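Letter 426 of the sequence shown, counting from 1, is numbered 430 in the working numbering, and no numbers are missing.
Notes for the one structure printed next.
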Amino acid sequence: MGLFALTGITFSSWLARIPTVRSDLGLSTAELGGILLVGSVGALLTVTASGIVVQRFGSRRAIVASTAVLALGYVLMGVGPATGSIPVLAVGIFLNGVAIALGNVPINVESGRIERAMGRTVIPQFHAAFSIGAVTGSALGAAASHLEVPVVVQFSVVAGVAVVWRLASLRGVVLPYAPDEAPTKSRPAAPAGAGRRIGSTLDAWREPRTLLIGVVVLAAALSEGSANDWLSLAVVDGFDRTEAIGGLVLGLFVASMTVVRLLGTRLIDRFGRVVVLRTSGLVSLVGLLVFGFAPSLQLAGTGVALWGFGAALAVPVGIAAASDDPLRAAGRVSVVSSFSSVASIAAPPLLGLAAESMGARHALVLIAAAMVVSVSLSRRVAPEAPALVEATRRPDEAAETARPIEEELSVLVGQSAGEPAPLRVP
């Protein structure tokens with residue numbers, strides 16, 4: 005969970021300082037949207053390849069690579085505003101998008117493996133760790149803004165902490181190697197393994213269920229991502245408040261998501277993915293409309309809380325649905341993550357253009373349409389029947405068996421006791 009928490013801290017510490025970056029560089033709202041688009045492009049260009057990287061080299065190596073890119077990106081995002089260089093900022097944001105995509109796929113695949121091993125819903129708790137980290141990052145960003153800490157100082161510190169934290173966490177990664185590349189005495193490496201893994205990843209793009217789950221995740225990413233990108237600015241511009249207040253309202257949104265993600269595991273186990281996703285979409289829709297048309301900041305804050313409650317579980321549910329088949333989890337997670345990246349690409353410029361004419365707060369109401377789509381497709385996240393999972397596998401995949409639950413649990417218990425994970429194939 006530490007890697008999820010760190011991702012939240014780094015992500016929100018940047019988002020909370022967006023108004024300062026805009027002010028330092030003299031950017032308009034539309035120009036800022038274009039700059040944010042660069043990061044989304046970086047994420048989209050990387051996310052599909054991330055699934056191949058995880059299957060080819062394993063989660064641990066993917067995380068190491070993403071850490072190096074993340075550190076460089078954050079340093080450049082600080083140097084850009086400090087030197088008045090928009091191109092340097094753009095390169096930093098692009099690298100940040102690459103790092104997010106390259107790092108998110110392996111940690112989500114790992115969370116899916118742990119959920120299958122434990123036999124109950126736990127993925128929302130991992131995303132709750134992200135939300136807790138995001139609340140922390142928002143608070144730190146608001147404090148840094150209040151104390152007028154230069155963004156170059158803040159982002160450089162964040163980069164250093166991220167490198168140390170991530171490298172220290174590598175021992176706890178469940179899948180250090182690719183699924184069929186782990187050293188073993190009983191089976192030699194298959195020469196055609198790489199091609200089979202890449203094929204499995206690309207095949208996920210032809211699966212109707214995976215694509216529709218991707219649309220659900222796209223809608224959720226539009227909701228959550230738009231709040232992350234524009235909520236603080238919407239409060240600053242819409243209610244004439246300070247950047248610190250805008251950061252705190254963003255923190256309220258993330259805190260609301262955190263509460264539901266911590267409690268949501270029981271809700272999903274009791275009522276099922278479909279019911280929870282439908283209810284979440286409706287609550288999110290109500291909260292979004294309240295925020296967009298509230299006459300006061302207090303009432304708008306209530307809407308933000310409802311919006312956060314409703315937005316909490318859609319992405320974890322989508323990741324869980326994409327991870328139902330352990331042999332295809334990496335490819336399917338990369339596909340649904342690609343839809344998330346598409347949402348990230350579309351939202352900043354479109355909302356930026358809309359904000360120019362109607363204001364950022366009212367522009368956010370436009371994503372209500374995405375909530376309706378999410379509710380209408382909610383039945384697609386229902387768990388796959390075991391027979392259907394087997395039927396959708398290719399012959400070479402069907403020959404491979406998933407690691408028994410008891411073995412995966414022994415891995416988790418061994419790691420919690422500080423023992424290295426046994427290197428066995430699924």
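For glycine and all other residues, C-beta sits at the position ideal for the given N, C-alpha and C.
Just so it is clear, the structure is predicted and the values come from calculations on it, not from any experiment.
In three-state terms, what does DSSP make of residue i?
| i | result |
| --- | --- |
| Glu211 | coil |
| Asp241 | helix |
| Thr246 | coil |
| Met375 | helix |
| Gly276 | coil |
| Pro387 | coil |
| Asp233 | helix |
| Val126 | coil |
| Met261 | helix |
| Leu74 | helix |
| Leu354 | helix |
| Ser342 | helix |
| Gly255 | helix |
| Met5 | coil |
| Val79 | helix |
| Leu31 | coil |
| Val153 | coil |
| Ser327 | coil |
Can you tell me whether residue i is buried or exposed, with buried defined as 16 or more other CB within 10 angstroms of its CB?
| i | result |
| --- | --- |
| Ala374 | buried |
| Gly88 | exposed |
| Gln129 | buried |
| Ser300 | exposed |
| Phe343 | buried |
| Ala23 | Residue identity check: residue 23 is Pro in the sequence provided, not Ala. The residue is buried, with at least 16 neighbouring Cβ atoms inside 10 Å. |
| Glu247 | buried |
| Phe275 | exposed |
| Ser190 | The predicted model places Ser190 with a pLDDT of 40, which falls under 50 and marks its position as unreliable; any figure quoted below should be read in that light. Exposed: under 16 other Cβ atoms inside 10 Å. |
| Pro330 | buried |
Near residue i, what residues of its chain come up, given a Cβ to Cβ distance below 8 Å and the 5 sequence neighbours on each side ignored?
| i | result |
| --- | --- |
| Pro399 | With a pLDDT of only 49 at Pro399, under 50, the local geometry of the prediction cannot be trusted, and no value is derived from it. |
| Arg124 | Thr269 and Asp273 |
| Met5 | Gln129, Phe130 and Ala133 |
By Cβ distance, which residues of its chain are closer than 6 Å to residue i, with the 5 residues on each side in sequence left out?
| i | result |
| --- | --- |
| Val377 | Ala223 |
| Glu119 | Val126 and Ile127 |
| Val73 | Leu99, Val102 and Ala103 |
| Val432 | Since the first residue shown for the chain is 5 and the last is 430, residue 432 is missing from the structure and cannot be characterised. |
Given 6 Å as the limit, tell me if residue i has its C-beta closer than that to any heavy atom belonging to the ligand GDP.
| i | result |
| --- | --- |
| Leu271 | Questions concerning the ligand GDP fall outside what the structure shown contains, since it holds no ligand whatsoever. |
Given a cut-off of 7 Å, decide if residue j and residue i are closer than it, judged by their beta-carbon atoms.
| i | j | result |
| --- | --- | --- |
| Arg265 | Ser382 | no |
| Ser236 | Gly250 | yes |
| Leu40 | Asp233 | yes |
| Leu216 | Arg365 | no |
| Ser17 | Leu144 | yes |
| Ala367 | Leu355 | yes |
| Gly116 | Ser341 | no |
| Ala324 | Gly55 | no |
| Gly314 | Val294 | no |
Give me, in chain order, the residues of the same chain whose beta-carbon lies closer than 7 Å to that of residue i; leave out the 5 immediate sequence neighbours on both sides.
| i | result |
| --- | --- |
| Gly305 | Val253 and Leu256 |
| Leu10 | Gly137, Ala166, Trp169 and Arg170 |
| Trp209 | Val339 |
| Ala238 | Ala364, Arg365 and Leu368 |
**Item:** Touch test, the segment 97-117 against the segment 76-86, Cβ-Cβ under 8 Å, three pairs minimum
**Value:** yes
**Asked** With contact counted as at least three CB pairs below 8 Å, one residue from each stretch, are the segment 207-224 and the segment 312-325 in contact?
**Response** yes
**Prompt:** Does the segment 50-67 come within contact of the segment 106-113, defined as at least 3 CB pairs closer than 8 Å?
**Reply:** yes
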